[in-house]
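Protein chains in written order, with the numbering used here: chain A, 1040 to 1375; chain B, 1040 to 1375.
All remarks here apply to the structure that follows.
There are 2 protein chains.
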Amino acid sequence: MVTIKELANILGISTTTVSNVIHGKTSEVSLATVEKVQKLLEEYDYTPNINARNLAQNRSKIIGMALFSNEDKYKNIVADPFFGSLVGAIEKEVRKNNYFFMLYVSDDISEIIRYVSSWNVDGLITVGMNRDEYLKIRGRYKKPIVLIDSYAPKDIMDYVNVGLDDEGGGYIMTKYLIENGHREIAFICDNLEGVDYMRYRGFKKAVGEAGIVFDKKNLIIISPVEGETAVSMSEVYEAAQRVTAMFCCSDNYALQVTNELFARGMDVPGDVSIAGFDDNIFAKVCRPALTTVYQDVDRKGTVAVEKLMAMLRGEENPKDEILPVKIVVRDSVRKL
Amino acid sequence: MVTIKELANILGISTTTVSNVIHGKTSEVSLATVEKVQKLLEEYDYTPNINARNLAQNRSKIIGMALFSNEDKYKNIVADPFFGSLVGAIEKEVRKNNYFFMLYVSDDISEIIRYVSSWNVDGLITVGMNRDEYLKIRGRYKKPIVLIDSYAPKDIMDYVNVGLDDEGGGYIMTKYLIENGHREIAFICDNLEGVDYMRYRGFKKAVGEAGIVFDKKNLIIISPVEGETAVSMSEVYEAAQRVTAMFCCSDNYALQVTNELFARGMDVPGDVSIAGFDDNIFAKVCRPALTTVYQDVDRKGTVAVEKLMAMLRGEENPKDEILPVKIVVRDSVRKL
DNA sequence: GTGAAAGCGCTAACAA
DNA sequence: TTGTTAGCGCTTTCAC
Chain A
1040 MVTIKELANI
1050 LGISTTTVSN
1060 VIHGKTSEVS
1070 LATVEKVQKL
1080 LEEYDYTPNI
1090 NARNLAQNRS
1100 KIIGMALFSN
1110 EDKYKNIVAD
1120 PFFGSLVGAI
1130 EKEVRKNNYF
1140 FMLYVSDDIS
1150 EIIRYVSSWN
1160 VDGLITVGMN
1170 RDEYLKIRGR
1180 YKKPIVLIDS
1190 YAPKDIMDYV
1200 NVGLDDEGGG
1210 YIMTKYLIEN
1220 GHREIAFICD
1230 NLEGVDYMRY
1240 RGFKKAVGEA
1250 GIVFDKKNLI
1260 IISPVEGETA
1270 VSMSEVYEAA
1280 QRVTAMFCCS
1290 DNYALQVTNE
1300 LFARGMDVPG
1310 DVSIAGFDDN
1320 IFAKVCRPAL
1330 TTVYQDVDRK
1340 GTVAVEKLMA
1350 MLRGEENPKD
1360 EILPVKIVVR
1370 DSVRKL
Chain B
1040 MVTIKELANI
1050 LGISTTTVSN
1060 VIHGKTSEVS
1070 LATVEKVQKL
1080 LEEYDYTPNI
1090 NARNLAQNRS
1100 KIIGMALFSN
1110 EDKYKNIVAD
1120 PFFGSLVGAI
1130 EKEVRKNNYF
1140 FMLYVSDDIS
1150 EIIRYVSSWN
1160 VDGLITVGMN
1170 RDEYLKIRGR
1180 YKKPIVLIDS
1190 YAPKDIMDYV
1200 NVGLDDEGGG
1210 YIMTKYLIEN
1220 GHREIAFICD
1230 NLEGVDYMRY
1240 RGFKKAVGEA
1250 GIVFDKKNLI
1260 IISPVEGETA
1270 VSMSEVYEAA
1280 QRVTAMFCCS
1290 DNYALQVTNE
1300 LFARGMDVPG
1310 DVSIAGFDDN
1320 IFAKVCRPAL
1330 TTVYQDVDRK
1340 GTVAVEKLMA
1350 MLRGEENPKD
1360 EILPVKIVVR
1370 DSVRKL
């Protein structure tokens, strides 16, 4: 690979001039030189050494994405369509803005901090981070951060979040179930924090408004840990005997549950209705096609990058953005 | 962020010594100094500037993954479970080896070349690349490359490939269909190159061995371009009238096709049997659960990184690795 | 056992 | 309009 210095030597001019031409500061260079240099740039197929440039400019042109993932829950988090979509959308938008995309998956905050510091990452995007985790990173990393799907309390710290109307989603779906005559509804998730908690809140709200007394037995928190889901599924099956509908926190679980119930001889939506959340790529091609809450994951990623870019441009801190949800009615919920 | 120089100044010693301690070359440093330095390293929470290190060492510690993707076919390629799994598995293995993972999606080879050159990427992994594309990159990038799922001719160039016994997969599944009494079988894919072509070859082989005359009408190449798949699906439906089984080149298509047929009032596997390929995360939770050809995508990614690391260590060029396939019998194929 | 100094490739302030 | 030069933070050779 040719260097600026070498090119400068060939032409017997200074590196500054070459550098200026490279950066299009042609106003400071005579037309003749510009042409000479450009010809040579072409000829030698000059490619800048980004490490050198970064070092000189004290930046990196890297947008980092840190996925805070626990191996117990996700053997391979990117294989999950939700995270996969997010990764793809963010990479695309980052590239569009002439930055580079570096992915780092870890369940160790200090590892993530070391990574962003070492690389001098220009901006960071992270998903589902809670208060303590965010504070730790913030303490050591001073450049722009955009959180996705975070519900860390806003009063304690100042951050930019791109989220979803999770509570609204929980609410409209539950309302829909109720309107279809369901009163005994189970809520299925794998934790009660952040996003899932808000969906649950929406669920509770709709249930309350309908004057239904919610039996805590019907809140089923299944274990995502491999080897333990079998037990959880028995619990789900049991619940399916006493409810008429199950609202799952994600399409993944909705599919798993549907599958499990079929395997045990029940029919969906004949015996029990199932609703999901996300509207992932399989929601429409499974059978029964899933009635679910739609969210635009690609947009989530794109918006996150847009916010980051605005911050990088030095604009005033952007506001949070809460993306809307909508219900997608398909075939997994029946009218009673 | 503290620099080595600053730490050296504080202690009134040279940067060399600090650097030596950092790199554990403690044999060259007195115990007393080692301890002094280590204490300071801790205290100031020293984090190396990777850009500087890379510049000095003429490397990058980055493993690049280039996805050669066309927007027509994939709006978001990482959202596809196959590519998502690959990305996740590769990132994980890269991290395990103390490298960093940079993803670059593009349909422009020269852009990819510019990217790897600029960053001085230490090793590159790329998927489904053909002969010309590979040659272009090879011409300008001299560091290790591992291809995944490539069928570029081996005689022309020297490269390392991690692939799958695609032909075998096509063969065993077709044989299974035939054993179950199917003789009119359609083959469905979206191209006839590389991986898909080999699966088709396996298909043809099994069909031939059974003495079945294959009617080219039953080779259906559907268009992946959005807006054109509807037309393709009509063709599929038409074919479903005259065949008893359809072998789809991917689970994605198998699900889409199944769904389409159901939508048009047919039953799977009642009216027509469907087989897939990949055994992706949804194959087992859809209904009917998909009879398909299993491949270990995570392993593909892991092995690719392992090969790259071996090359980086300067070991003799590793040999290609062809991962095995196996059939997974579920409910989408029925015995005639 | 320790340090001085050159150099990686590029940028940018300043001088000419 | 063009060139000189210092410096980004780190590694590494060589001398002491």
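We put the CB at the ideal spot given by N, CA and C, even for glycine.
Being a predicted model, the structure only gives us computed values, none of them experimental.
Here the alpha carbon of Ile1152 of chain A sits roughly 20 Å from the alpha carbon of Lys1078 of chain B. In the displayed model, Leu1050 of chain B falls within a helix according to three-state DSSP. Close CB contacts of Val1234 of chain B within its chain, under the 6 Å cut and outside five residues either way in sequence, are with Asp1188, Asp1205 (chain order).
For Gly1123 of chain A, the three-state secondary structure derived from DSSP is helix. Under the DSSP assignment, Ala1284 of chain B falls in the beta strand (DSSP E) whose first and last residues are 1284 to 1287. For Ile1320 of chain B, the chain A residues whose Cβ falls inside 7 Å of its Cβ are Ala1118, in order along the chain. With respect to chain A, the C-beta atom of Ala1328 of chain B has a partner C-beta closer than 9 Å. Here Ala1349 of chain B has Pro1357 as same chain residues with Cβ atoms under 6 Å from its own Cβ, once five neighbours each way along the sequence are excluded. Taking C-beta atoms as the reference points, Ser1145 of chain B and Leu1106 of chain B count as a pair closer than 9 Å. In this structure, DSSP gives Glu1081 of chain A a helical state, which the three-state scheme calls helix. Chain-order list of chain A residues neighbouring Met1040 of chain B: Ser1156, by C-beta distance under 8 Å. Residue state for Ala1314 of chain A is assigned as strand, using DSSP reduced to three classes. For Arg1179 of chain B, the closest Cβ of chain A is nearer than 9 Å. Within the stretch 1126 to 1150 of chain A, the residues whose Cβ lies closer than 8 Å to any Cβ of chain B are, in chain order, Val1126, Gly1127, Ala1128, Glu1130, Lys1131, Arg1134, Phe1139, Phe1140, Met1141, Leu1142, Tyr1143, Val1144, Ser1145. A buried status is given to Asn1291 of chain A, since no fewer than 16 other beta-carbon atoms sit within 10 Å of its beta-carbon. Assignment of Glu1360 of chain B by DSSP, reduced to helix, strand and coil, places it in the strand class. The distance from the Cβ of Tyr1333 of chain B to that of Val1307 of chain B is about 20 Å, inconsistent with a contact at the 8 Å cut-off.
At least 9 Å separates the beta-carbon of Ile1320 of chain B from that of Thr1297 of chain B. Counting the other Cβ atoms within 10 Å of the Cβ of Arg1281 of chain B gives fewer than 16, which makes it exposed. Per DSSP, Lys1175 of chain B is one residue of the alpha helix (DSSP H) stretching across 1170 to 1179. If you draw a straight line from the Cα of Ser1149 of chain B to the Cα of Ile1164 of chain A, it is about 28 Å long.
Rounded to the nearest angstrom, the gap between the Cα atoms of Leu1329 of chain B and Arg1373 of chain B is 11 Å. In the DSSP secondary-structure assignment, Ser1145 of chain B is bridged to B:Phe1107. Neighbours of Arg1153 of chain A in chain B, taken as residues at a C-beta separation under 8 Å, are given in chain order as Thr1086. By the CB criterion at 9 Å, Ile1102 of chain B and Val1076 of chain B fall outside the cutoff. Burial is judged here by how many other beta carbons sit within 10 angstroms of a residue's own beta carbon; Asn1200 of chain B has at least 16 and is buried. Of all residues in the stretch 1296 to 1326 of chain A, only Asn1298, Phe1301, Ile1320, Phe1321, Val1324, Cys1325, Arg1326 place a beta-carbon less than 7 Å from a beta-carbon of chain B. Within chain A, no C-beta atom comes less than 7 Å from the C-beta of Asn1109 of chain B; the nearest is roughly 13 Å away. By a beta-carbon distance limit of 8 Å, Gly1241 of chain A contacts Gly1209 of chain A. Their separation comes to about 3 Å.
In terms of CA proximity to Gly1353 of chain A, A:Asp1161 leads the group A:Asp1161, A:His1062, A:Glu1265, A:Thr1055. Per DSSP, Phe1253 of chain A lies in no alpha helix (DSSP H) segment and is marked neither H nor E. Closest in alpha carbon position to Phe1253 of chain B, among B:Val1073, B:Glu1274, B:Ile1184, B:Arg1222, is B:Arg1222. In the structure shown, Phe1301 of chain B falls within a helical segment according to DSSP collapsed to helix, strand and coil.
Beta-carbon to beta-carbon, Phe1140 of chain B and Met1141 of chain A are separated by about 7 Å, close enough to satisfy the 8 Å threshold. In this model, Leu1216 of chain B and Ile1089 of chain B are separated by some 55 Å (Cα to Cα). Contact check for Leu1347 of chain A against Thr1283 of chain A fails: the beta carbons are separated by 9 Å or more.
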